[in-house]
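Q: Here you go, one structure.
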Amino acid sequence: MLSALAAGLNSTVFSQSSPPPPPNKNKSLPAQWMYDEKIFNLEKRAIFSKVWLLTSHTSFFKKPGDYISGNYVFDYLIIRDQNNNYQAFHNVCRHRAFPVVTKPHGSSLVIGCKYHGWSYNAKGDLVKAPKFQSVEGFDKSKNGLLKVHTHVTSQGFIFLNFDASSNPVPFEDHFAALPQEWGTLDEDAYELFYQRQAVGNFNWKTFMDGYQECYHCSIAHPGFAKMLDLDSYRVEPLSNSARHSASKRTNPEDLQKFTFVFPTNGVTVTHEMWYIMRTVPVTATTCRMEFDVFSRKGTPKEKLDEYKKFFTQVQQEDFDLCEATQKGLNANIYQRGSLHPGVENGVLFYQGRVVDYCEKHLEAERRAGKEIYPARHLLTDDDDTCPENRICKQLGNEGGELSW
Ligand code: FES
Ligand SMILES: [Fe+2]
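Residue numbers (UniProt numbering): 1 to 404.
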């Protein structure tokens, strides 16, 4: 603790003989990272195609066959199968790419595509392809839904990983102690309170920059400042996540906790409620904010209304900050700013992760001599030398925007 404090002091106070800090130390990402579609596409390949993404919670699934669909750069569906396991797939039919699920949620152990009637079971196997029984060489077993890796924590948080390979980064290696951060979550004690979505005109990182510090709280969130002792606010980086905590003004022993889950999620668990916040990237300068909010059963309605009002107010304050900040970033006048190594350590930490993922991926692409799309499912029986594939290759653009 003392050495951490000393390290913090050392980073802000330089003696006459100290060497000058490296030029990029404690600097924000250049503005270009917040509006450039090329960088956004690189992030999709380098980050969103291969890290574990906190997507949903088992509370949304009551029985086998229950499913939800959504988007997290890629369109996906999650379904609970007959064995009560959670299966996830890209929401794209293997016949002609129509979405196999068109509702945000439903229940069925057989998913039927509404274009030509191909049907899949909850394990993603193709079980019916009308009229294809007479097509020579057609193999049903090679036309199942495209699988997405899942990991469900003991608290019921559902993570997806879109890496198309059979060996994505192991969940435990990626997050280390993250699940323990949430302790136990008695999901039966809570019920869905509300879900909310809002499209924001800002880059996903513009929002996460604000989430990762509370330096702005005393200025921008007067309600928050009344509730929490902001001097006690701490952000402690963990493996691909960060622990946020602050004492309540009414009771310093009572710590309010939030978790940042790289790259774009926040989780808050309190006695009365818990919620997942997703900042889903849509374009380089837009994202969709999504909130799944659960409340403790039996909490009086007035109390819940009060919470909802409070959180919506704080979220709106952040939303407005980000929309205005994004305008400043887009103008191409401002380049980059200085970040405080203490109160903005969380921003430095996660921006560092972003750069690290992008740098490593670009290096792998440089070595391969082409762009690498980890989420892309390649067909094993496709003929690489046929004219249609050859033409794509010759155009030298295997890319596209990499999203559904
Ligand atoms: S696209 Fe789904 S059955 Fe044709
Ligand atoms: Fe904020």
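The C-beta atom is built at its ideal place from N, Cα and C for all residues, glycine as well.
The model shown is predicted, which means the values in this text are computed figures rather than measured ones.
If you measure between the beta carbons of Gly-144 and Leu-126, is that distance less than 8 Å?
A: Yes. Within cutoff.
Q: With distances taken from CA atoms, which of His-149, Leu-42, Phe-175 is nearest Arg-243?
A: The candidate whose alpha carbon is nearest that of Arg-243 is Phe-175.
Q: I need the boundaries of the alpha helix (DSSP H) containing Gln-335, first residue and last residue.
A: Taken as a continuous stretch (DSSP letters only), Gln-335 belongs to no alpha helix (DSSP H), as it is neither H nor E.
Q: Of the choices Gln-212, Ala-97, Val-169, His-149, whose alpha-carbon is the least far from that of Phe-162?
A: The residue with the shortest Cα to Cα distance from Phe-162 is His-149.
Q: Figure out for me which residue from Tyr-334, Leu-348, Glu-43, Met-273 has the closest Cα to the Cα of Leu-304.
A: Checking every option, the nearest Cα to that of Leu-304 belongs to Met-273.
Q: Helix, strand or coil: which one does DSSP assign to Leu-2?
A: Caution is warranted here: a pLDDT of 33 is assigned to Leu-2, below 50, making its placement in the model unreliable, and the coordinate value is therefore given only provisionally. Here Leu-2 sits in helix by DSSP.
Q: So what's Cys-287 in DSSP terms, helix, strand or just coil?
A: Note: Cys-287 maps to strand in three-state DSSP.
Q: Which ranges would you report for the beta strand (DSSP E) in the segment 197-282 if only whole runs of at least 3 residues count?
A: As far as the segment 197-282 is concerned, its whole beta strand (DSSP E) runs of at least 3 residues are 228-238, 241-248, 255-261, 265-269.
Q: Using only alpha-carbon positions, find the residue among Ala-88, Arg-94, Ala-122, Thr-153 that is nearest to Ala-129.
A: Closest option to Ala-129, Cα to Cα, is Arg-94.
Q: How many Å lie between Val-152 and Pro-387 at the Cα?
A: When rounded, the distance between both Cα atoms is 43 Å.
Q: So, using beta-carbon positions, are Gln-316 and Phe-202 closer together than 8 Å?
A: No. Outside cutoff.
Q: Note down the Cα distance separating Gly-200 from Lys-38, rounded to an integer number of angstroms.
A: Rounded to the nearest angstrom, the two C-alpha atoms are 20 Å apart.
Q: So for Ser-11, helix, strand or coil by DSSP?
A: Because Ser-11 carries a pLDDT of 35, less than 50, the predicted location of this residue cannot be relied on, and the following value inherits that uncertainty. Correct three-state label for Ser-11: helix.
Q: Hey, is the segment 59-79 in contact with the segment 280-293, meaning 3+ C-beta pairs nearer than 8 Å?
A: Yes: at least three Cβ pairs fall under 8 Å.
Q: Classify Thr-250: buried if its beta carbon has 16 or more other beta carbons within 10 angstroms, exposed otherwise.
A: When all chains shown are included, Thr-250 counts as exposed.
Q: Assuming Glu-181 contacts Thr-259 (C-beta within less than 8 Å), just tell me the rounded distance between them.
A: The Cβ separation is near 6 Å, so the contact holds.
Q: Whole angstroms are fine: how far does the CA of Asn-121 sit from the CA of Asp-254?
A: Straight-line Cα distance between these residues: approximately 47 Å.
Q: What do you get for Ala-4, buried or exposed, if any count of 16 or more other CB atoms within 10 angstroms of its CB means buried?
A: Because the pLDDT at Ala-4 is just 35, under 50, the model does not fix this residue reliably, and the point stays unresolved.
Q: Considering just the uninterrupted stretch of the alpha helix (DSSP H) at Arg-366, what are its terminal residues?
A: Counting along the chain, the alpha helix (DSSP H) containing Arg-366 begins and ends at 345-368.
Q: Please report the straight-line C-alpha distance between Ala-97 and Lys-114, rounded to a whole angstrom.
A: Going by the C-alpha atoms only, they are around 11 Å apart.
Q: Locate the beta strand (DSSP E) running through His-57, then write down its first and last residues.
A: Element bounds for His-57: 53-57.
Q: Measure the beta-carbon distance from Gly-124 to Phe-157 and round it to whole angstroms, keeping in mind my assumption that it falls under 8 Å.
A: Their Cβ separation, rounded to whole angstroms, is 22 Å, which puts Gly-124 and Phe-157 out of contact at 8 Å.
Q: Is Gly-117 near ligand 1, with its Cβ less than 7 Å from a heavy atom?
A: Gly-117: yes, Cβ under 7 Å from ligand 1.
Q: Quick one: residues in its chain with C-beta nearer than 8 Å to the C-beta of Asp-229, no 5 flanking neighbours on either side, listed in chain order?
A: So the list reads Ala-246, Ser-247, Lys-248, Arg-249, Pro-252, once near-sequence residues are dropped.
Q: Less than 8 Å between CB atoms is the rule here; does Asn-121 satisfy it with respect to chain C?
A: Among the chains of the structure shown, chain C does not appear; only one protein chain is present.
Q: Looking only at C-alpha atoms, which of Glu-43, Met-208, Val-101, Phe-48 sits nearest to Trp-118?
A: Of the listed residues, the one whose Cα sits closest to Trp-118 is Val-101.
Q: Is it the case that the segment 290-306 contacts the segment 183-191, given that we only count it when at least three CB pairs across the two stretches are under 8 Å?
A: Yes: at least three Cβ pairs fall under 8 Å.
Q: Given that a residue counts as buried once 16 or more other Cβ atoms are within 10 Å of its Cβ, and exposed if not, what is Pro-300?
A: It counts as exposed.
Q: Can you check whether the CB of Pro-30 is closer than 8 Å to the CB of Gln-335?
A: Cβ distance < 8 Å, so Gln-335 and Pro-30 count as in contact.
Q: Counting Cβ pairs, one atom from each stretch, are 3 or more of them under 8 Å apart for the segment 343-363 and the segment 52-67?
A: Because the criterion of three Cβ pairs below 8 Å is not met, the segment 343-363 and the segment 52-67 do not touch.
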